[in-house]
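Everything in the sequence shown is counted per the working numbering, starting at 4 for the first residue and increasing by one.
Every residue gets a Cβ at the ideal spot worked out from N, C-alpha and C, and that includes glycine.
These figures come from a predicted structure and were not determined experimentally.
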Amino acid sequence: MTLLILIEAFKIHKVKQERRVQLWFLFLYIVNILPWVLPVGDKNFDPLLAAVEATLAGRTAQAVGWDLLSPGNRLFLGLMFLSYLITAFFTLMYSVLYIDEKEGSAGRPVFVRCLKTVPQLIMLTAIIAIPAAMSAMLAFIPLIVFVFMMYFLPLHLVFGQKKLFKAMQLSFDTTRGKKLSIFIRVFLVSFVLSVPQSILSQLVSGNQLSYTVLNTFFVVIQALVQGRLMGILYLQLVKKVPFMIPSNSNVSGKNHDQEK
């Protein structure tokens, strides 16, 4: 079953609103490649890396701090963080789009419904910021457990229209005893994508532009595949909808509807 779910997760084009997903892909690609190709910011982090290496080797007791980053470094990191947030938002939107179609609610305003969850997700991030940083002492294991405990939180906010703490409780309940299986599936998706990405990256490692173009492609693919996987798992584990691979007749029907 896990293998079938993973295969289905990679079929990001198989939705009734395929054109919309294509536009999302193009938009996300532009968003993620812009920080690397724009003539702004400083992508040279050699001073910081040298300081970290020296500290780890015990050659210096100087603390590695924010002051080692140039204003250009900070601008670049800010752009990267912004692109990450936008990408994560589209991961949620794809998941909602997938669930809507499976529940026969296609056509509902995905963007607005997802946008309404942003303030609550920001609040959650602020609440867990310090505990998340402290979890570094335990190799971030507590943070990872919490993330998968809250795996369905964004979807509970969208579909259940719950308050933050109620949605957190729902996510805790619906992932009880299932966090490991969710983690394994999320990890396997990332691993499967990382293999061709690593091989192809080695082939173009001498050309910075080609390397950036290639890796941006995999970043966007990863976002949409993870969104589809989240939708599949939500229907299976939360809504208790049996997982079934769409038949060829369903696909043909979809294409017929698009022709209309």
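The continuous alpha helix (DSSP H) containing residue 134 extends over residues 121 to 137. Put simply, the backbone Cα of residue 142 is about 16 Å away from that of residue 132. Apart from the 5 residues on each side of it in sequence, residue 233 sits with its Cβ closer than 6 Å to the Cβ of 98 in its chain, given in chain order. Separation of the CB atoms of residue 184 and residue 152 is rounded to 13 Å, and the pair is thereby denied contact status at 8 Å. For residue 16, no alpha helix (DSSP H) run applies, since DSSP gives it neither H nor E. Within the segment 78 to 121, the complete alpha helix (DSSP H) segments of 4 residues or longer fall at 113 to 118, listed in chain order. Taking 8 Å as the upper bound for CB-CB distance, residue 196 and residue 204 are not in contact here, some 12 Å apart. A residue is called buried once 16 or more other Cβ atoms fall within 10 Å of its Cβ, and residue 137, having fewer, is exposed. Counting along the chain, the unbroken alpha helix (DSSP H) around residue 229 starts and ends at 211 to 236. Contact between the segment 70 to 85 and the segment 38 to 46 is present, with at least three C-beta pairs closer than 8 Å.
Nearest to residue 228 by C-alpha distance, out of 86, 94, 30, is 94.
Look at residue 142 here: in three-state DSSP terms it is coil, with no helix or strand label. Short of 7 Å from the beta carbon of residue 178, and not among the five residues preceding or following it, lie these beta carbons of its own chain, in chain order: 151, 152, 154, 155, 185. Shown here, residue 45 sits in coil according to DSSP, grouped into three states, outside any helix or strand. 8 Å or more divides the Cβ of residue 84 from the Cβ of residue 117. Taken through DSSP and simplified to helix, strand or coil, residue 169 comes out as helix.
Residue 72 carries a coil assignment under DSSP once its states are collapsed to helix, strand and coil.
Residue environment analysis places residue 230 among the buried positions, since at least 16 neighbouring C-beta atoms fall within 10 angstroms of its C-beta. In the structure shown, residue 23 adopts helical secondary structure according to DSSP, grouped into three states.
The Cβ atoms of residue 19 and residue 104 lie closer than 8 Å to each other. In this structure, 114 is the residue among 114, 241, 134 with its C-alpha nearest to the C-alpha of residue 23. The C-alpha of residue 87 lies about 24 Å from the C-alpha of residue 50. The Cβ atoms of residue 238 and residue 181 lie no closer than 8 Å to each other. Spatial neighbours of residue 90 in its own chain (CB-CB distance under 8 Å, excluding positions within 5 residues in sequence) are listed in chain order as 31, 34, 35, 222, 223, 226. Taking residue 148 as the centre and dropping the five residues before and after it, the same chain places the C-beta of 182 closer than 8 Å to its C-beta, in chain order. Within the same chain, Cβ atoms closer than 7 Å to the Cβ of residue 145 are found at 138, the five residues on either side in sequence being excluded.
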